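This report concerns only the one structure given below.
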Amino acid sequence: MNTDTLVALRDSYLSAQLAGNRREALRLLVDEGLLRGVPVPSLHLEVIQKAQWEIGRLWQENHISVAQEHLATAISQLALSHLYRHLQRDPPNGRTVLLSCVEGELHELGARMASDFLEMAGFDVRFLGANVPTEHLVREVVGTRPDLLALSVTMTYHVPALRKAVVAVRETLPLLPMVVGGLAFTWMPGLEADLGVPFFGKDARELVAAACRMFEV
Ligand code: B12
Numbered sequence: 002m003n004t005d006t007l008v009a010l011r012d013s014y015l016s017a018q019l020a021g022n023r024r025e026a027l028r029l030l031v032d033e034g035l036l037r038g039v040p041v042p043s044l045h046l047e048v049i050q051k052a053q054w055e056i057g058r059l060w061q062e063n064h065i066s067v068a069q070e071h072l073a074t075a076i077s078q079l080a081l082s083h084l085y086r087h088l089q090r091d092p093p094n095g096r097t098v099l100l101s102c103v104e105g106e107l108h109e110l111g112a113r114m115a116s117d118f119l120e121m122a123g124f125d126v127r128f129l130g131a132n133v134p135t136e137h138l139v140r141e142v143v144g145t146r147p148d149l150l151a152l153s154v155t156m157t158y159h160v161p162a163l164r165k166a167v168v169a170v171r172e173t174l175p176l177l178p179m180v181v182g183g184l185a186f187t188w189m190p191g192l193e194a195d196l197g198v199p200f201f202g203k204d205a206r207e208l209v210a211a212a213c214r215m216f217e218v
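Taken in order, the sequence shown gives residues 2 to 218; the numbers are from the working numbering.
Here it is in structure tokens:
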């Protein structure tokens with residue numbers, strides 16, 4: 002798939018988001034994307050993710066309102082739900098990943114996308130979504146005993162919550178492998194070393210590559 006096609010698709014998708022046109026946004030992803038052979042991971046990363054980043058820029062620079070950002074993001078949520086049933090999955094690799102946003106963290110779309118990528122790679126994924134209180138995260142980890150715990154954090158002011166979660170999980174299950182990611186790591190380089198937890202990449206594709214290396218699957 003050439004870059005120009007993906008850029009054009011992203012621009013059209015962004016216009017549909019800004020117009021609040023859910024049907025057109027889905028039509029673009031399906032008719033102009035999937036049915037023309039654009040792989041689902043490219044729709045995720047090159048169309049939806051990049052459109053979301055652009056929505057962030059437009060909001061930050063006051064070109065769109067909070068309501069318009071919400072409208073646009075709701076469309077991307079719908080798009081991910083719709084694409085979910087079209088994910089091409091590798092055979093199950095027998096490993097379970099529990100993926101969660103830390104307490105207070107409301108940005109869950111990226112973590113959700115990361116969950117979909119892990120699923121495509123054959124992992125069994127438990128995705129807890131946004132703002133999971135640390136105490137409940139620990140209970141869930143103890144209850145489900147995943148092979149890997151992945152924590153997502155976007156806002157740097159949620160790093161203390163990440164730290165708290167890492168400490169609490171370590172106290173309870175010292176041998177459980179943990180990884181961290183999300184935009185906060187772009188803004189605070191080196192944070193992972195400070196936490197003593199590996200950073201598994203800046204997007205969902207890198208996360209999957211690292212997880213596969215870790216388990217040799
Ligand atoms: C949508 C959005 C929201 C929505 C989120 C809704 C939802 N259901 O997710 C809402 C309205 C809740 C929101 C709130 C806020 N937001 Co906001 N938001 C965004 C926006 C526009 C898009 C986020 C998104 O969907 N990204 C697309 C996904 C696919 O990308 P991603 O998150 O980077 O995820 C990828 C990687 O990070 C990685 N990844 C994610 N998790 C993990 C985990 C692991 C282990 C690994 C390895 C990888 C990984 O893989 C993902 C897929 O490739 C961003 C702009 C941006 N640049 O992202 C601003 C942005 C993040 N928000 C911002 C701000 C300021 C806020 C608020 C403080 C606003 C306010 N005043 O209230 C609040 C904070 C809320 C909170 N308590 O957490 C700023 C942050 C700036 C900064 N440097 O601090 C941004 C950058 C906008 C901007 N340009 O100013 N926001």
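The beta carbon of each residue, even a glycine, is placed where N, CA and C say it ideally should be.
All values derive from a computational prediction rather than experimental measurement.
Rounded to whole angstroms, how far is the Cβ of residue i from the Cβ of residue j, which I believe are closer than 8 Å?
i, j, result
"L84", "L44", "6 Å"
"C213", "S153", "With 8 Å as the limit, C213 and S153 do not qualify as a contact, their Cβ atoms being about 19 Å apart."
"T155", "L174", "Actually they do not touch by this definition, with Cβ atoms about 25 Å apart."
"E109", "A80", "Not quite, the Cβ-Cβ distance comes to about 15 Å (not below 8 Å), so this is no contact."
"P42", "F118", "7 Å"
"H159", "G105", "5 Å"
"E62", "R11", "Not quite, the Cβ-Cβ distance comes to about 19 Å (not below 8 Å), so this is no contact."
"F201", "E207", "7 Å"
"R219", "L99", "No statement about residue 219 is possible, as the shown extent of the chain runs from 2 to 218 and does not include it."
"R96", "L149", "7 Å"
Is residue i near ligand 1, in the sense that its beta carbon is under 6 Å from a heavy atom of that ligand?
i, result
"T74", "yes"
"Q50", "yes"
"F201", "yes"
"D117", "no"
"I56", "yes"
"Q53", "yes"
"E106", "yes"
"A166", "no"
"M121", "no"
"S153", "yes"
"M156", "yes"
"D148", "no"
"Q18", "no"
"M114", "yes"
"V180", "yes"
"A205", "yes"
"E47", "no"
"L196", "no"
"Q61", "yes"
"G21", "no"
"E193", "no"
"G111", "yes"
"G144", "no"
"G183", "yes"
"L208", "yes"
Could you spell out the range, first to last residue, of the beta strand (DSSP E) harbouring residue i?
i, result
"D125", "125-130"
With which residues is residue i paired in a DSSP beta bridge?
i, result
"V180", "A151"
"V98", "V126, L149"
"F216", "Per DSSP, none; premise fails for F216."
"F201", "In the DSSP output, where bridge partners are listed per residue, F201 has none listed."
Just curious, the alpha helix (DSSP H) that residue i is in, first and last residue?
i, result
"A162", "160-173"
"A17", "4-19"
"Q50", "Per DSSP, Q50 belongs to no alpha helix (DSSP H) and is neither H nor E."
"G38", "Here G38 belongs to no alpha helix (DSSP H), and DSSP marks it neither H nor E."
"G111", "110-121"
"H83", "67-85"
"E25", "23-28"
"T187", "185-188"
"L107", "Counting along the chain, L107 falls outside any alpha helix (DSSP H), and DSSP gives it neither H nor E."
"L88", "From DSSP, L88 is part of no alpha helix (DSSP H); its letter is neither H nor E."
"L192", "192-196"
If you measure from the CB of residue i, is any heavy atom of ligand 2 nearer than 6 Å?
i, result
"G21", "Of the ligands this structure carries, namely ligand 1, none is ligand 2."
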